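For the sequence shown, position 43 matches number 43 in full-length UniProt numbering, and the numbering has no gaps at all. Built from N, CA and C at the ideal position, the CB exists for glycine as well. Quick caveat, the model's predicted, so the values are computed rather than measured.
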Amino acid sequence: MSGGNVEGHCQLQRAADSTGYYKNQGTAQNIQLELQDDSGNTLNSGATKTVQVDDSSQSAHFPLQVRALTVNGGATQGTIQAVISITYTYS
Numbered sequence: 001m002s003g004g005n006v007e008g009h010c011q012l013q014r015a016a017d018s019t020g021y022y023k024n025q026g027t028a029q030n031i032q033l034e035l036q037d038d039s040g041n042t043l044n045s046g047a048t049k050t051v052q053v054d055d056s057s058q059s060a061h062f063p064l065q066v067r068a069l070t071v072n073g074g075a076t077q078g079t080i081q082a083v084i085s086i087t088y089t090y091s
């Protein structure tokens with residue numbers, strides 16, 4: 001196995017609204033979550049990110065980050081929690 005790529009396909013579990021942001025399942029109200037890669041590119045539902053497999057270690061690294069935001073304002077204090085499923089495919 002060498003020289004391949006791994007693709008991560010993001011699957012939205014529960015949409016907050018038509019914007020594609022991920023729904024906060026915690027107690028804070030009017031909060032959405034945005035998944036990004038390490039370059040700040042948004043990975044909404046259905047997005048894909050492809051990275052190369054390291055030949056020597058046969059591993060791949062998916063650097064991701066999440067930010068909380070409010071689309072319509074009125075955010076309240078509380079917890080932030082989300083479920084984001086990612087399917088990985090080697091080619």
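key: For His-61, three-class secondary structure by DSSP   = Coil, per DSSP.
inquiry  = Given a cut-off of 8 Å on the beta-carbon distance, is the pair Gln-81 and Gly-26 in contact?
reply    = Contact: yes.
inquiry  = By the DSSP assignment, the beta strand (DSSP E) with Leu-43 in it spans what residues?
reply    = No beta strand (DSSP E) holds Leu-43; DSSP gives it neither H nor E.
ask   = Which value, in whole angstroms, describes the spacing of the CA atoms of Gly-4 and Asn-24?
value = Gly-4 and Asn-24: Cα-Cα distance of roughly 35 Å.
task = Compare the C-alpha of Leu-69 against each of Gln-36, Ser-57, Ala-47 and Gly-8 and name the closest.
result = Residue Gln-36 is the option with its Cα nearest to Leu-69.
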